[in-house]
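> Residues 33 to 254 in my numbering are what the sequence shown spells out, letter by letter.
Glycine residues also receive a C-beta, built at the ideal position from the N, C-alpha and C atoms.
Before we start, here is the structure in question, set down as structure tokens.
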Amino acid sequence: MNDIAENLNRILSTLPEGVTLTAVSKFHPVEALQQAYDAGQRIFGESRAQELVKKATQLPADIEWHFIGHLQTNKVRSIIPHVAMIQSIDSPRLLQAVSDEAARINRCVDVLLQLHVAKEETKFGFTPDEISDFAPQIAGNYPGVRVAGVMGMASNTDDFDRVRDDFDAIRRIFHSLANGAMKSNPAFRHISMGMSHDYKIALSCGSTMVRIGTDIFGEREY
Ligand SMILES: *Cc1c(COP(=O)(O)O)cnc(C)c1O
33 MNDIAENLNR
43 ILSTLPEGVT
53 LTAVSKFHPV
63 EALQQAYDAG
73 QRIFGESRAQ
83 ELVKKATQLP
93 ADIEWHFIGH
103 LQTNKVRSII
113 PHVAMIQSID
123 SPRLLQAVSD
133 EAARINRCVD
143 VLLQLHVAKE
153 ETKFGFTPDE
163 ISDFAPQIAG
173 NYPGVRVAGV
183 MGMASNTDDF
193 DRVRDDFDAI
203 RRIFHSLANG
213 AMKSNPAFRH
223 ISMGMSHDYK
233 IALSCGSTMV
243 RIGTDIFGER
253 EY
């Protein structure tokens, strides 16, 4: 077995039943993705539009491509034919653009609402206040998308208590939306949180989807 297959199997064996693995393949060559595919992986996460489109045309058609990075509205059109899910909806304007474009080509795309709970200034996403204002306006207004849950990142720190606080905050927001504005939406079920260095904490905080790159593919080449 190659390293990638071995890493995948090791990680999969630690995931509770019902938890989805997004293999984050950004910056890795198609050969590496093909190895993961041959080992059975079907969900891949990319953070750049052009890279996703290029890989999608080179690799098997049954791959589910998840977009996980900041998405500019002028890149939406290029990725919509290829993506199964956009995990990084970080503004009402982006949700509108994705819905419009998907509807235009008769698609319905799964999306996650990206939440900003970490302390870093640079992270994208809805703050808790922004999402509680915006969520009630979603139902019925975005026919090209299916809102399937939330995505978030913890603060980038070795302080595990703070990481846990961030993941707990994401889970609490998910539940308040699931019991409130998203109550009539049965597709609203995912809490995407946890990366290579913190996914075990995320799982203990209720993650249903982890996004793991480095632990599968090794260090990225920038
Ligand atoms: C790159 C990235 C990941 C994966 O990070 P690793 O540390 O390599 O596991 C997960 N989520 C997002 C949003 C990313 O951009």
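Determine the DSSP secondary structure at F249, reduced to helix, strand or coil.
The residue labelled residue 249 in the question sits at position 217 within the sequence shown. Residue state, collapsed to three classes: helix.
> For F158, is the classification buried or exposed, using 16 other Cβ atoms within 10 angstroms of its Cβ as the cut-off for buried?
For this step, residue 158 is matched to residue 126 along the sequence shown. Counting Cβ neighbours within 10 Å, F158 comes out buried, since at least 16 surround it.
> Which of the three DSSP states, helix, strand or coil, is assigned to R80?
Here residue 80 refers to the residue found at position 48 of the sequence shown. In this structure, R80 counts as coil in the three-state DSSP scheme.
> If you reduce the DSSP assignment to three classes, tell me which class E96 lands in.
For this step, residue 96 is matched to residue 64 along the sequence shown. Three-state DSSP puts E96 in a strand.
> Hey, could you find the ends of the beta strand (DSSP E) H207 is sitting in?
For the purposes of this step, residue 207 is taken as residue 175 along the sequence shown, with counting starting at 1. Looking at the DSSP string, H207 is not in any beta strand (DSSP E); the run it does join, the alpha helix (DSSP H), is 192 to 210.
> May I ask you to check if the CB of I100 is nearer than 7 Å to at least one heavy atom of ligand 1?
Numbered from its first residue, the sequence shown carries residue 100 at position 68. At least one heavy atom of ligand 1 is nearer than 7 Å to the Cβ of I100, so yes.
> Rounding to the nearest angstrom, what Cα-Cα distance links S208 and Q82 in this structure?
Your numbering for residue 208 matches position 176 in the sequence shown. Your numbering for residue 82 matches position 50 in the sequence shown. Using only the alpha carbons, I get a separation of about 35 Å.
> Quick check on this structure: which residue in M214, G212, F192, N211 has the alpha carbon closest to the alpha carbon of G226?
Residue numbering aside, residue 226 sits at position 194 when the sequence shown is read from its first letter. Answer by Cα proximity: F192.
> Within its chain, find whatever has a CB closer than 8 Å to the CB of A116; leave out the 5 residues flanking it on each side and keep chain order.
What you label residue 116 is simply residue 84 of the sequence shown in a count that begins at 1. Here the set comprises I75, E96, W97, H98, V141, D142.
> Cβ-heavy atom distance between H229 and ligand 1 below 7 Å?
Here residue 229 corresponds to residue number 197 of the sequence shown, with the count starting at 1. Yes, Cβ of H229 sits closer than 7 Å to a heavy atom of ligand 1.
> How should N173 be labelled, buried or exposed, when 16 other C-beta atoms within 10 angstroms of its C-beta is the threshold for buried?
As a working note, residue 173 is residue 141 in the sequence shown. Result: exposed.
> Would you mind working out which of A93, A186, D190 sits nearest D197, comparing C-alpha positions?
By one-based count along the sequence shown, residue 197 stands at place 165. Checked all of A93, A186, D190; the closest Cα to D197 is A186.
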